[in-house]
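Before any comments, here is the structure.
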Amino acid sequence: MSEQKDRVVLAYSGGLDTSVAIGWIAEQTGAEVVTVSVDVGQGGEDLEVIRQRAIDCGAVEAYIADARDEFANEYCMPALAANGLYMDAYPLVSAISRPTIVKHLVTAARRFGASTVAHGCTGKGNDQVRFEVGITSLGPDLKCLSPVRDLALTREFAIEYANKHDLPIETTKNNPFSIDQNVWGRAIETGFLEDIWNAPTKDVYQYTDDPTYPPLPDEVIISFDKGIPVAIDGQKVTPLEAIQILNRRAGAQGIGRIDIVEDRMVGIKSREIYEAPGAMTLIEAHRELENVTLDREQARFKRTVADQWTNIVYEGQWFSPLKKSLDAFIESTQEYVSGDIRMTLHGGRATVTGRRSDTSLYDFNLATYDAGDTFDQASARGFIEITGLPSKLAAARDVSFGNGEDLGESVLS
Ligand code: ARG
170 MSEQKDRVVL AYSGGLDTSV AIGWIAEQTG AEVVTVSVDV GQGGEDLEVI RQRAIDCGAV
230 EAYIADARDE FANEYCMPAL AANGLYMDAY PLVSAISRPT IVKHLVTAAR RFGASTVAHG
290 CTGKGNDQVR FEVGITSLGP DLKCLSPVRD LALTREFAIE YANKHDLPIE TTKNNPFSID
350 QNVWGRAIET GFLEDIWNAP TKDVYQYTDD PTYPPLPDEV IISFDKGIPV AIDGQKVTPL
410 EAIQILNRRA GAQGIGRIDI VEDRMVGIKS REIYEAPGAM TLIEAHRELE NVTLDREQAR
470 FKRTVADQWT NIVYEGQWFS PLKKSLDAFI ESTQEYVSGD IRMTLHGGRA TVTGRRSDTS
530 LYDFNLATYD AGDTFDQASA RGFIEITGLP SKLAAARDVS FGNGEDLGES VLS
């Protein structure tokens, strides 16, 4: 029996770089290449077409997975529960898709007996970290390979290689941007956007229409059950459907466009454009429902936990012990996050106009200034006395040591 060749599993998008990587990895390492393509709702080409291209480019096996529901349920929903916005702005679009893809890469590595997992990321970004930290978390024995970074697979080389080997892939289409997209949103970088004074042009956007010229306002009611969107305008939906529907409706209003200079893990600041109409609308609605249903101290502490969750997810620690522990806390906060949020989608904004919940902590009779007020205002006096006591004592001491606040002439006279 001849000895089994070593195998490399390659994360395959169907684009130029990863198509060339199939043959290039085989040449450089002597291994057979198995491709893995995962549908996380990026749209575009059919997975079957991509599968066939992988085979035509020399892959010995081509694994494809429709992970759209998995991605929505197990990755987007926890990001929603955390209201996950890196630097208070970026809804983690690429950061949460990488661990989804990693799971399938490791599954394929096991199934096809591969020792190594490869991906098409460069050596400058966050995604290489997310892939490789994820891969070694789920498969500590697996090796990682980045042909762009480790095997000098440049764009010029890729074009030359594809032409020389007559690969069934377009080499002439010159897209100025580097784009990553899935159902949670779309990330656009490079090209003229690298001059951070340059405004994005129309052609940058695909998920959103120009918010300056919106159609008529669109009213929507989003119903949540324990932090998960379960219905839109009374129609039952899965998480995937909720995101897709809101991508369309909020996208038509130009909601969820983001333009920031972002702190990457490798220390570089980079200009990023995002569009995430569904994600940003859901986060806005979910946040407001939490305002109604979370206890004040629980809400405050949750913001701290969620901020940490967001940072470590951005930094590729999806499968880490800390992330699991933070998940448990965040999940426990969602117990009563159920009810309806009504919003008006218009001109780039999703504005909450109403909330309704059986598990609300809002008490009309406590809040009202009308008759029927049940709040005992007399008890506020003692509360203020006690809550102000430490500062009162300290201020008296300052005065006795000549360090009192100078409140100016008018107060003294
Ligand atoms: N900067 C974002 C992140 O690190 C997006 C990266 C997306 N990748 C791309 N090729 N556009 O999550």
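Residue numbers (the working numbering): 170 to 582. C-beta atoms are modelled at their ideal positions from N, C-alpha and C, and glycine is treated no differently.
Report the residue ranges of all alpha helix (DSSP H) runs contained in full by the stretch 170-222; include only those spanning at least 4 residues, in chain order. 185-198
For the ligand ARG, is there a heavy atom less than 8 Å away from the beta-carbon of Val-262? Counting from one through the sequence shown, the residue named residue 262 turns up at place 93. Proximity of the beta carbon of Val-262 to the ligand ARG is indicated: a heavy atom of the ligand is located closer than 8 Å.
Please return the same chain residues whose Cβ sits closer than 6 Å to the Cβ of Gln-422, not counting the five positions on each side in sequence. Here residue 422 corresponds to residue number 253 of the sequence shown, with the count starting at 1. Excluding residues within five positions, the ones whose Cβ falls inside 6 Å are Pro-383, Leu-514 and His-515.
Determine whether the beta carbon atoms of Ala-190 and Phe-300 lie at a separation below 9 Å. Position 21 of the sequence shown holds residue 190. Position 131 of the sequence shown holds residue 300. Their beta carbons are not under 9 Å apart, which means Ala-190 does not touch Phe-300 by this criterion.
Own chain partners of Asp-175 with C-beta closer than 6 Å, once the 5 adjacent residues on each side are dropped: Taking the first residue of the sequence shown as 1, we reach residue 175 at position 6. Ala-200 and Ser-284.
What are the residues that DSSP puts in a beta bridge with Tyr-255? Looking up residue 255 in the sequence shown gives position 86. Bridge partners of Tyr-255: Tyr-259.
Using 8 Å for Cβ pairs, my map puts Leu-314 next to Ala-331. What's the rounded Cβ distance? Residue numbering aside, residue 314 sits at position 145 when the sequence shown is read from its first letter. Residue numbering aside, residue 331 sits at position 162 when the sequence shown is read from its first letter. Incorrect: roughly 20 Å between the Cβ atoms, too far for contact.
With distances taken from CA atoms, which of Arg-220, Glu-196 and Ala-195 is nearest Val-205? Sequence index remark: in the sequence shown, residue 205 carries index 36 (1-based). Cα-wise, what sits closest to Val-205 is Arg-220.
Sheet register partners of Gln-350 (DSSP bridge): Along the sequence shown, read from residue 1 onward, the residue named residue 350 stands at position 181. Looking at the DSSP assignment, Gln-350 forms a beta bridge with Arg-355.
Given this structure, state the Cα-to-Cα distance separating Thr-543 from Glu-466, to the nearest angstrom. Working through the sequence shown from its first residue, we reach residue 543 at position 374. Working through the sequence shown from its first residue, we reach residue 466 at position 297. When rounded, the distance between both Cα atoms is 23 Å.
Under three-state DSSP, which class holds Glu-230? Here residue 230 refers to the residue found at position 61 of the sequence shown. Reduced to three states, the DSSP call for Glu-230 is strand.
At the level of alpha carbons, what is the spacing between Asp-238 and Gly-292? Residue 238 sits at position 69 when you count from the first residue of the sequence shown. Residue 292 sits at position 123 when you count from the first residue of the sequence shown. Between Asp-238 and Gly-292, the C-alpha separation is close to 30 Å.
Where does the unbroken alpha helix (DSSP H) through Glu-554 begin, and where does it stop? Residue 554 sits at position 385 when you count from the first residue of the sequence shown. Its alpha helix (DSSP H) spans residues 547-569.
Bridge partners - Asp-394, DSSP secondary structure assignment: Numbered from its first residue, the sequence shown carries residue 394 at position 225. Partner(s): Ile-397.
The ligand ARG heavy atom lying under 8 Å from the CB of Ser-439: By 1-based counting over the sequence shown, the position of residue 439 is 270. Yes, the Cβ of Ser-439 comes within 8 Å of a heavy atom of the ligand ARG.
Distance CB(Ile-365)-CB(Val-430) smaller than 9 Å: The count along the sequence shown starts at 1 and reaches residue 365 at position 196. The count along the sequence shown starts at 1 and reaches residue 430 at position 261. Contact flag set, yes.
Grouping DSSP H, G and I as helix and E and B as strand, with all else coil, what is Leu-314? Start at 1 with the first residue of the sequence shown, and residue 314 comes out as number 145. Note: Leu-314 maps to strand in three-state DSSP.
Can you tell me whether Gln-413 is helix, strand or coil according to DSSP? Taking the sequence shown and counting its residues from 1, the one referred to as residue 413 is at position 244. Three-state result, Gln-413: helix.
Does the ligand ARG have even one heavy atom less than 8 Å from the beta-carbon of Gly-425? In the sequence shown, the residue the question calls residue 425 occupies position 256. For the ligand ARG, not one heavy atom lies less than 8 Å from the Cβ of Gly-425.
With DSSP collapsed to three states, give me the class of Thr-246. Taking the sequence shown and counting its residues from 1, the one referred to as residue 246 is at position 77. Inspection of the sequence shows that residue 246 is occupied by Met rather than by Thr. Here Met-246 sits in helix by DSSP.
Using DSSP's beta-bridge definition, name the partner residues of Ala-277. Position 108 of the sequence shown, counted from the first residue, corresponds to residue 277. Ala-277 pairs with nothing; no bridge assigned.
What are the boundary residues of the alpha helix (DSSP H) that includes Asp-434? Position 265 of the sequence shown, counted from the first residue, corresponds to residue 434. It is Met, not Asp, that sits at residue 434 in the sequence shown. Met-434 -> no alpha helix (DSSP H), and no H or E assigned at all.
Please classify Ile-397 as buried or exposed, where buried requires at least 16 neighbouring CB atoms within 10 angstroms. Stepping through the sequence shown from its first residue, residue 397 is reached at position 228. Classification for Ile-397: buried.
Just to confirm, does Tyr-259 get its C-beta within under 8 Å of one of the non-hydrogen atoms of the ligand ARG? Here residue 259 is taken as the residue at index 90 of the sequence shown, counted from 1. Yes; taking the cut-off as 8 Å, the Cβ of Tyr-259 has a heavy atom of the ligand ARG nearer than that.
Excluding five sequence neighbours on each side, which residues of the same chain lie with their C-beta closer than 7 Å to the C-beta of Gly-183? By one-based count along the sequence shown, residue 183 stands at place 14. The answer, listed in chain order, is Ser-206, Glu-214, Ile-219 and Arg-222.
Out of Ile-442, Pro-386 and Thr-407, which has the shortest C-alpha to C-alpha gap to Gln-375? In the sequence shown, the residue the question calls residue 375 occupies position 206. Per the Cα distances, Ile-442.
Unbroken beta strand (DSSP E) run spanning Leu-576, endpoints: Position 407 of the sequence shown, counting from 1, holds the residue named residue 576. Run containing Leu-576: none; DSSP gives neither H nor E here.
With burial defined as no fewer than 16 other Cβ atoms inside 10 Å of the residue's Cβ, what is the status of Ala-368: buried or exposed? Taking the first residue of the sequence shown as 1, we reach residue 368 at position 199. Exposed, because fewer than 16 other Cβ atoms sit within 10 Å of the Cβ of Ala-368.
Whole angstroms are fine: how far does the CA of Tyr-244 sit from the CA of Thr-407? Within the sequence shown, the letter at position 238 stands for residue 407. Within the sequence shown, the letter at position 75 stands for residue 244. Rounded to whole angstroms, Thr-407 to Tyr-244 spans 14 Å at the Cα level.
Residue from Phe-470, Arg-267, Arg-525 and Gly-403 with nearest C-alpha to Phe-498: Against the sequence shown, residue 498 aligns to sequence position 329. For Phe-498, the nearest C-alpha among the options comes from Phe-470.
Within 8 Å: the Cβ of Ala-356 and any heavy atom of the ligand ARG? One-based indexing of the sequence shown puts residue 356 at position 187. For the ligand ARG, at least one heavy atom lies less than 8 Å from the Cβ of Ala-356.
Can Glu-172 and Val-203 be called in contact, C-beta distance under 9 Å? The residue given as residue 172 occupies position 3 in the sequence shown. The residue given as residue 203 occupies position 34 in the sequence shown. Contact flag unset, no.
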